[in-house]
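Undergrad: Take this structure, written in structure tokens, and hold onto it; I'll ask about it next.
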Amino acid sequence: SAHEMFLQCFSSHMQHSRSYSEVILTKNSSAYSSVLQSSIRNFRFLNTSTLKPQFIITPFNEFEIQAAIVCAKKYDMQIRVRSGGHDYEGLSFLSYQEFVLIDLAELSSISVDIESETAWIGAGASIGELYYRIAEKSKVHGFPAGSCPTVGVGGHFSGGGLGTIFRKYGLAADNVIDARIVDANGRILDRESTGEDLFWAIQGGGGASFGVVFSWKVRLVSVPPTVTVFNIEKTLQQGASNLLHKWQNIGDKLHEDLFLHATIAVATSSSNGNKTIQVSFASLFLGRAEELLPVMQDSFPELGLTRENCSEMSWIQSVLYYGGFSPSDSLDVLLSRTAQFKGFFKGKSDYVKEPIPETGLEGLYKRLLEEETSMLILTPYGGRMSEISDSETPFPHRNGNIFEIQYIITWDVEEETEKNLKWMRKLYAYMAPYVSNSPRAAYLNYRDLDLGRNNHGNTSFAKASVWGFKYFKNNFKRLARVKTATEPSNFFRNEQSIPVLQRKR
Ligand code: FDA
27 SAHEMFLQCF
37 SSHMQHSRSY
47 SEVILTKNSS
57 AYSSVLQSSI
67 RNFRFLNTST
77 LKPQFIITPF
87 NEFEIQAAIV
97 CAKKYDMQIR
107 VRSGGHDYEG
117 LSFLSYQEFV
127 LIDLAELSSI
137 SVDIESETAW
147 IGAGASIGEL
157 YYRIAEKSKV
167 HGFPAGSCPT
177 VGVGGHFSGG
187 GLGTIFRKYG
197 LAADNVIDAR
207 IVDANGRILD
217 RESTGEDLFW
227 AIQGGGGASF
237 GVVFSWKVRL
247 VSVPPTVTVF
257 NIEKTLQQGA
267 SNLLHKWQNI
277 GDKLHEDLFL
287 HATIAVATSS
297 SNGNKTIQVS
307 FASLFLGRAE
317 ELLPVMQDSF
327 PELGLTRENC
337 SEMSWIQSVL
347 YYGGFSPSDS
357 LDVLLSRTAQ
367 FKGFFKGKSD
377 YVKEPIPETG
387 LEGLYKRLLE
397 EETSMLILTP
407 YGGRMSEISD
417 SETPFPHRNG
427 NIFEIQYIIT
437 WDVEEETEKN
447 LKWMRKLYAY
457 MAPYVSNSPR
467 AAYLNYRDLD
477 LGRNNHGNTS
487 FAKASVWGFK
497 YFKNNFKRLA
507 RVKTATEPSN
517 FFRNEQSIPV
527 LQRKR
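End of the sequence shown = 531 in full-length UniProt numbering, gap-free, step of one.
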């Protein structure tokens, strides 16, 4: 059978001391289920009836990835590639047809070179591990990527990657300077041999359409020895809505050293026990509290920030803080692969170009109060993000966006899934007049299959444009051209992979 032929092919391609049974797990292997489930964060995909992988390959080197690709292509088997497993729609480990899962978790070596201010990072490493390895060597270097330490660099960097210092330094993808990638012909390429087009495509266009990224080289960035964080929470009764109105007008215009995001969630009022809306204004400032206070007094005095609200710490401690830990915790927690959040969830994203008026916010609060476990995270853009052109990388959401909204709802039991998905889609429909349009833009790393999906097999550019322009705007055309030139066989495909352009008759 094709399966046996695949196994034979894979074993004959093994070049190293390990036997193929150490690298490949079949459905009969005792470790199969635990490896499959190891990095599934979203329980929506745990008990799915969707086909489970025929084989799981856990490569230790590029040659094992190469062997998996060559053999899967030869025997017409689909592949899925997983690094940290955080994909919002599970596309890294689910497929509509039989497939081989390449799980890169073992490829997590990181080498940081402070002298050249660069690092090589295995695609299976997490961003927490990266931050840890940088901090091991320097107190004044950091890297601009996301907040949740278990996120994998494989998916995160290839989809953009943003966090608390992106207003100063841009996305993780903006700071990638080289990559090693295995293409559909099993060739191992780097930036020089891939050429600039393919290198451009994997800096925000999603790696999964183009190959398997084996490792990234990144430029480290400078951080001061002391940074300052604060978090001020206000309910509607305490004037949260006025503060949010002001924040919408200034969040993207603040100095690029200052990141101040707003989270809107449901809370219980301490005075009467009723449910109310609470807005948290949380900040990371690249400097000391005494420098931050006058900046805030000048730009956002209404928030009433005092010295007592501020905590000074090192940059790596702020990573712990924003990762949901205490700044005094051991840095070792950044090396853990066990996610803090595991459960059912659905996420969506939007971009905002004009402040949302009070009437819009009131309707939003009403809807959030219907579902207590919902929340919106409002991330301010501006700063460095406005200086980088829309076409520099496939990530197009730059100048003109004042903030991004991430909508999240979580739940504990499967029976609530349909109800919550329906609620989320209604909220998204409600927000349409207040957010970007033509296209209604979205962030690839908050993947949303409601935006559209490819047919099984090949999908035309026109059909894929339904979702493609939302993630990539005009860069979608160049992504399709790069796909057509580098991977015309469309071997690397999924529900939202970049389509191959059809030849004109
Ligand atoms: P996963 O392994 O699921 O891969 C995601 C996609 O990339 C899949 O299509 C996969 O096939 C492909 N892929 C993965 N590795 C590849 C490789 N080596 N080569 C080619 N293709 C590859 N985002 C953000 O910008 N800032 C943040 O702070 C956060 N925080 C956050 C918290 C939590 C709890 C979650 C669940 C998610 C986030 N994210 C985020 C979103 C995150 O950036 C996004 O889900 C990334 O794609 C995750 O990358 P992983 O490698 O973990 O995912």
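Ideal placement from N, C-alpha and C gives every residue a C-beta, glycine not left out.
Going by the CB atoms, is the gap between Ile140 and Lys163 shorter than 8 Å?
TA: Yes, the Cβ-Cβ distance between Lys163 and Ile140 is below 8 Å.
Undergrad: Is DSSP giving Tyr460 helix, strand or coil here?
TA: Reduced to three states, the DSSP call for Tyr460 is helix.
Undergrad: Would you grab the beta carbon distance between Gly187 and Gly172 for me? Rounded to a whole angstrom, and I think it's under 8 Å.
TA: Rounded, the Cβ-Cβ distance is 6 Å, consistent with contact.
Undergrad: Does DSSP put Ala227 in a helix, a strand or coil?
TA: Ala227: helix per DSSP, three-state reduction.
Undergrad: Leaving out five residues on either side along the sequence, give the residues of the same chain with a beta carbon under 7 Å from the beta carbon of Asn516.
TA: Contacts found: Asn484 and Val526.
Undergrad: Runs of 4 residues minimum, wholly inside the stretch 122–171: which ones carry the alpha helix (DSSP H) assignment?
TA: Taking only runs of at least 4 residues, the alpha helix (DSSP H) segments lying wholly in the stretch 122–171 are 153–163.
Undergrad: Alpha helix (DSSP H) containing Ile95: first to last residue?
TA: Note, Ile95: alpha helix (DSSP H), Glu88 to Lys100.
Undergrad: Could you give the DSSP three-state label for His39: helix, strand or coil?
TA: Helix, per DSSP.
Undergrad: What are the partner residues of Glu259, as DSSP defines its beta bridges?
TA: For Glu259, which the question treats as bridged, DSSP gives the partners Ser306.
Undergrad: Is Val345 near ligand 1, going by C-beta to nearest heavy atom under 7 Å?
TA: Val345 Cβ: outside cutoff for every heavy atom of ligand 1.
Undergrad: So what does DSSP say about Met322, is it helix, strand or coil?
TA: Correct three-state label for Met322: helix.
Undergrad: For Gly277 and Ile191, I'd like the C-alpha separation in whole angstroms.
TA: Rounded to the nearest angstrom, the two C-alpha atoms are 14 Å apart.
Undergrad: Quick check on Asn68: does DSSP put it in helix, strand or coil?
TA: Strand, per DSSP.
Undergrad: Which partner residues does Ala288 have in the DSSP bridge list?
TA: Partner(s): Phe307 and Leu404.
Undergrad: Span of the beta strand (DSSP E) holding Phe236?
TA: Here Phe236 belongs to no beta strand (DSSP E), and DSSP marks it neither H nor E.
Undergrad: Taking the C-alpha atoms as reference points, what is the distance between Tyr101 and Glu30?
TA: Roughly 10 Å between the two C-alpha positions.
Undergrad: Just checking, does the stretch 88–96 make contact with the stretch 210–226 on the three C-beta pairs under 8 Å criterion?
TA: Verdict: yes, contact present.
Undergrad: Among Val96, Leu127 and Arg333, which has the Cα closest to the Cα of Val107?
TA: Nearest C-alpha to Val107: Leu127.
Undergrad: Can you tell which of Pro170, Ser109, Leu117 and Val239 has its C-alpha closest to the C-alpha of Ser152?
TA: Checking every option, the nearest Cα to that of Ser152 belongs to Ser109.
Undergrad: Are the beta-carbon atoms belonging to Tyr377 and Ala467 less than 8 Å from one another?
TA: Yes, the Cβ-Cβ distance between Tyr377 and Ala467 is below 8 Å.
Undergrad: Taking 8 Å as the cut-off, does the stretch 263–274 touch the stretch 226–243 (at least 3 CB pairs, one atom from each stretch)?
TA: Output reads no: the stretch 263–274 does not touch the stretch 226–243.
Undergrad: Under 7 Å: does the beta carbon of Arg213 sit that close to some heavy atom of ligand 1?
TA: False, no ligand heavy atom lies under 7 Å from that Cβ.
Undergrad: Does the stretch 327–347 come into contact with the stretch 216–233, if we say contact requires no fewer than three beta-carbon pairs (one atom in each stretch) closer than 8 Å?
TA: Not touching, per the Cβ criterion.
Undergrad: When you compare the CB positions of Val179 and Trp242, do they come within less than 8 Å of one another, or not?
TA: Cβ atoms of Val179 and Trp242: closer than 8 Å.
Undergrad: With H, G and I counted as helix, E and B as strand and the rest as coil, what does DSSP make of Glu334?
TA: Of the three classes helix, strand and coil, the one that applies to Glu334 here is helix, per DSSP.
Undergrad: Among Lys499, Asn481 and Leu505, which one has its Cα closest to the Cα of Glu521?
TA: Nearest of Lys499, Asn481 and Leu505 to Glu521, Cα basis: Asn481.
Undergrad: Can you name, in chain order, every residue of its own chain whose Cβ lies under 6 Å from the Cβ of Glu259, other than the five neighbours on each side?
TA: The residues are Gln304 and Ser306.
Undergrad: Between Asn471 and ligand 1, is there a pair consisting of the residue's CB and a ligand heavy atom that are separated by less than 7 Å?
TA: True, at least one ligand heavy atom lies under 7 Å from that Cβ.
Undergrad: Alpha carbons only, please: which of Ser415, Leu286, Pro420 and Leu130 is nearest the one belonging to Leu404?
TA: Ranking the options by Cα distance to Leu404, first place goes to Leu286.
Undergrad: What three-state label does DSSP hand Phe192 in the structure shown?
TA: Note: Phe192 maps to helix in three-state DSSP.
Undergrad: With a threshold of 7 Å (Cβ to nearest heavy atom), would Arg363 be considered close to ligand 1?
TA: Every heavy atom of ligand 1 is 7 Å or more from the Cβ of Arg363, so no.
Undergrad: Do Lys379 and Gly408 have their C-beta atoms within less than 8 Å of each other?
TA: The answer is no: Cβ separation not under 8 Å.
Undergrad: Would you say Ser121 touches ligand 1, meaning its beta carbon is less than 7 Å from a heavy atom?
TA: No; taking the cut-off as 7 Å, the Cβ of Ser121 has no heavy atom of ligand 1 nearer than that.
Undergrad: Can you tell me whether Pro514 is buried or exposed? The criterion is at least 16 other CB atoms within 10 Å of its CB, across all chains shown.
TA: Label assigned to Pro514: exposed.
Undergrad: What residue range does the alpha helix (DSSP H) around Gln343 cover?
TA: It spans Trp341 to Tyr348 - the alpha helix (DSSP H) in which Gln343 sits, taken as one unbroken run.
Undergrad: Looking at Asn474 and ligand 1, is the gap between the Cβ and the nearest heavy atom below 7 Å?
TA: Here the sequence assigns Asp to residue 474, which means Asn is not the residue at that position. No, the Cβ of Asp474 stays beyond 7 Å of every heavy atom of ligand 1.
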